[in-house]
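Asker: Residue numbers (my numbering): 149 to 757.
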RNA sequence: GGCCCCGUAGCUCAGUGGAUAGAGCAACAGCCUUCUAAGCUGUGGGUCACACGUUCGAAUCGUGUCGGGGUCACCA
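1) Compute the distance between the beta-carbons of residue 619 and residue 751, then report whether it is under 7 Å.
2) Assuming the contact rule is C-beta atoms closer than 8 Å, residue 255 and residue 496 should be a hit. Round their C-beta distance to whole Å, please.
3) Taking Cβ to Cβ, would you say residue 125 is nearer than 7 Å to residue 665?
4) Please give me, in chain order, every unbroken run of the alpha helix (DSSP H) with length at least 4 that falls completely inside the stretch 716-757.
5) Run through DSSP, which three-state label would residue 533 get?
6) Name the DSSP beta bridge partners of residue 426, please?
7) Tell me, which residues are paired with residue 576 by DSSP?
8) Within its chain, find whatever has a CB closer than 6 Å to the CB of residue 161; leave out the 5 residues flanking it on each side and keep chain order.
9) Hey, residue 189 and residue 737: beta-carbon distance below 7 Å or not?
10) Between the stretch 151-160 and the stretch 219-239, can you find at least three pairs of beta-carbon atoms closer than 8 Å?
11) Buried or exposed: which applies to residue 508, given that a residue is buried once 16 or more other Cβ atoms fall within 10 Å of its Cβ?
12) So which of 411, 306, 312, 563 has the shortest CA-CA distance to residue 400?
13) By a C-beta neighbour count over all protein chains shown, 10 Å radius and 16 as the cutoff for buried, is residue 648 buried or exposed?
14) Indicate the three-state DSSP secondary structure (helix, strand or coil) for residue 195 in the structure shown.
15) Is residue 561 closer than 7 Å to residue 590 when the C-beta atoms are compared?
16) According to DSSP, is residue 615 part of a helix, a strand, or is it coil?
17) What residue range does the beta strand (DSSP E) around residue 223 cover?
18) Return the chain-ordered ranges of every alpha helix (DSSP H) run that is complete within the stretch 349-408 and spans a minimum of 4 residues.
19) Could you tell me the distance, in whole angstroms, from the CA atom of residue 504 to the CA atom of residue 511?
20) Under 8 Å Cβ to Cβ from residue 615, same chain only, skipping five residues before and after it: list those, please.
21) Can you check which of these residues, 432, 451, 361, 321, is closest to residue 402 by C-alpha distance?
22) Taking the alpha-carbon positions, what's the residue 581 to residue 630 distance?
23) Relative to the alpha-carbon of residue 246, which residue among 285, 679, 326, 348 has its alpha-carbon at the smallest distance?
24) Which term fits residue 696, buried or exposed, when burial requires 16 or more other beta carbons within 10 angstroms of its beta carbon?
25) Starting from the C-beta of residue 442, find all residues in its chain whose C-beta is less than 7 Å away, skip the five residues before and the five after it, and write them out in chain order.
26) To the nearest angstrom, report how far apart residue 652 and residue 588 are at their CA atoms.
27) Just the Cα atoms here: how many angstroms apart are residue 607 and residue 169?
28) Does the pairing of the stretch 421-431 with the stretch 471-482 give three or more beta-carbon distances under 8 Å?
29) Where residue 338 and residue 329 are concerned, what is the direct C-alpha to C-alpha distance, given to the nearest angstrom?
30) Terminal residues of the continuous beta strand (DSSP E) containing residue 218?
31) In the DSSP assignment, the beta strand (DSSP E) including residue 466 goes from what residue to what residue?
32) Could you give the first and the last residue of the continuous alpha helix (DSSP H) run that contains residue 177?
Here it is in structure tokens:
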């Protein structure tokens, strides 16, 4: 039981005893005591003052006395200010929490719940490389999946690859027309970038043709429709749908290049998937359900044969489900895929990590599922996140202001190399160790930067800020971890009277008695313990809100508090042996929680940096 | 225009019913013969967009106004 829960329980009991009636934890609030006041937890009793018609001070005082009396091993004292009751936790309780958990790698995680949740994220198009927006999506999806696992759920990470459609044909046509048989191999380009360049080439060519036509007097609409390269592209899409061998071969070849490029990027940024869906395999799935909906009257057909749903009853518009020529649109395949997902995996919930510009689309999907009587309609959840903007405004591919994912990763790693070399603390590292360290720090900085903000909010990407390794950043937290490792090493070297290397991931400090005597805690020691105890709550809050920034804020605050403690009190040269052992435990526990929390964000920790 | 989201320090963000609204960056002033200074300590910086309301209590809830964004495709 967490301290907060235990306090709620104790308060209910004491109130019941004092007033002879039932109370629940909703009758009052328990929060951490603000630093400017004395105490660890505060019970806010204003609501009860009114209900019970008693004086605030008196209520707080009576309750405080009763709590101390009835919880001798837990609550050691109290003070009151109006209806605020500040409680102090006993050393005994804090220290037993510490000894029981200090090196538990599963700290804060919940037992298995048997809930099955799919998290669909990333979902790229195969006509261009990943950019900054995809990075937010990938980090967010991956982290949310891990956070849900930590909350005891079974999680399936999935991705739907948008590998077909007119936009894919555009890069194919451009390659056919302009590449002269060039390949990623022949040019040394990364596959996804190589294909992306032809997508850009298509648009340039298209624009040129349209302006030529309009200069000849064609209307803009006509020109856009009849530009020769567009005609060819549309023809190619038809050929693709018919399975024309030459087109299929080209399609397979070019997508193969892209997948090879994606694979490289995913590996670097740590994205992985348990299941990958391909639109080319799912785009026909929804058609049958549309027919079904037509039959039972959920949908209707217009004169041209197109099929629609009217959602004006729930505040949405009418929406096309199937084109007049019988081909499917985007949402058609979504209907098919969602059903397949729930049936194949027997899901309790399906979370879609998609940008907030698709809120409307996802609402429509849920409504369609409802209208079709699909039982899982309410288990679809759109985790929408805000767009990443630049300080100069939105990213626009046409204006070349898109921040490429691979470039950004390279830059972050180069920056971490630069900082590390300037500081010169790891000159004894091997080439391989250095490379790993740069990777850990660069990726840590980038992931932390993109995950520290509430996903629902739009965020501004500031290039200077993102490569900062000081303050509210990943490397700051990683640094705190490395410092703790250094403390452990120092203690061990002192004991042995020689330089010894601490085994990786080992927190053992044998040679000391492992038992902690009950002792007076200094304010910072106490503060750290109270804060560490909160970690379990933070994991469940992040899980409830599907919000990794909760973890990022917490772990930063923890590192910050530890660094203050570190500056104030020595571990290796503590006042006495008792203090030394206590602080070793606290240091190890801080490291354990930092490692666990950063892992939930997809960030690794270095032992030295 | 309809619907949805946002507005907190110079900048980027926490805080979603409780005490005198907090961090980081930027600025300024200090701290390394002692466990890593990628750190610590301090100073300055606020009409929580505005107005009214609900409440013992509002940055937080409600209504309205202003400002910014998204969306309402036989695109995906």
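Cβ coordinates follow ideal geometry from the N, Cα and C atoms, glycine included.
Answerer: Quick look at the numbers:
1) It is not a contact, given that the beta carbons lie outside the stated cut-off.
2) Not quite, the Cβ-Cβ distance comes to about 26 Å (not below 8 Å), so this is no contact.
3) Here the chain comprises residues numbered 149 to 757, so residue 125 is not present and cannot be evaluated.
4) Runs of the alpha helix (DSSP H) inside the stretch 716-757: 725-748.
5) Strand at residue 533.
6) Residue 426 is bridged to 309.
7) In the DSSP output, where bridge partners are listed per residue, residue 576 has none listed.
8) Around residue 161: no qualifying Cβ.
9) The answer is no: Cβ separation not under 7 Å.
10) Three or more beta-carbon pairs drawn from the stretch 219-239 and the stretch 151-160 are found closer than 8 Å, and the two stretches are therefore classed as touching.
11) Burial check for residue 508: the Cβ neighbour count within 10 Å stays below 16, so the residue is exposed.
12) Measuring C-alpha to C-alpha distances from residue 400 to each of 411, 306, 312, 563 identifies 312 as the nearest.
13) The predicted position of residue 648 is uncertain, since its pLDDT is 45 and thus under 50; a value taken from the coordinates is nonetheless stated next. Per the 10 Å Cβ criterion, exposed.
14) Residue 195: helix per DSSP, three-state reduction.
15) Yes, these two residues count as a Cβ contact at 7 Å.
16) In the structure shown, residue 615 sits in coil (DSSP, three-state: anything other than H, G, I, E or B).
17) 223-229 is the extent of the beta strand (DSSP E) around residue 223.
18) Every alpha helix (DSSP H) of 4 residues or more that sits fully in the stretch 349-408 is shown, in chain order, as 368-374, 376-390.
19) Across the structure, residue 504 and residue 511 are spaced so that their CA atoms are roughly 11 Å apart.
20) Counting only Cβ-Cβ distances below 8 Å, and skipping sequence neighbours, we find 559, 560, 563, 593.
21) Restricting attention to 432, 451, 361, 321, the CA atom closest to the CA of residue 402 is found in 321.
22) The straight-line gap from Cα to Cα measures roughly 15 Å.
23) Relative to the Cα of residue 246, the nearest Cα in the group 285, 679, 326, 348 belongs to 679.
24) Around the CB of residue 696, 16 or more other CB atoms lie within 10 Å, so the residue is classed as buried.
25) Excluding positions up to five away in sequence, the list reads 449, 455.
26) At residue 652 the pLDDT is 41, less than 50, meaning the model places this residue with poor confidence; the figure from the coordinates comes in the next sentence. C-alpha separation (whole angstroms): 16 Å.
27) Note on geometry: alpha-carbon atoms of residue 607 and residue 169 lie some 49 Å from one another.
28) Result yes; three or more Cβ-Cβ pairs closer than 8 Å.
29) Each residue's Cα considered, the two are about 16 Å apart.
30) Membership of residue 218 in any beta strand (DSSP E) is not indicated; the residue belongs instead to the alpha helix (DSSP H) covering 204-218.
31) Looking at the DSSP string, the run of the beta strand (DSSP E) that includes residue 466 is 466-470.
32) From DSSP, residue 177 is part of no alpha helix (DSSP H) but of the beta strand (DSSP E) over 177-180.
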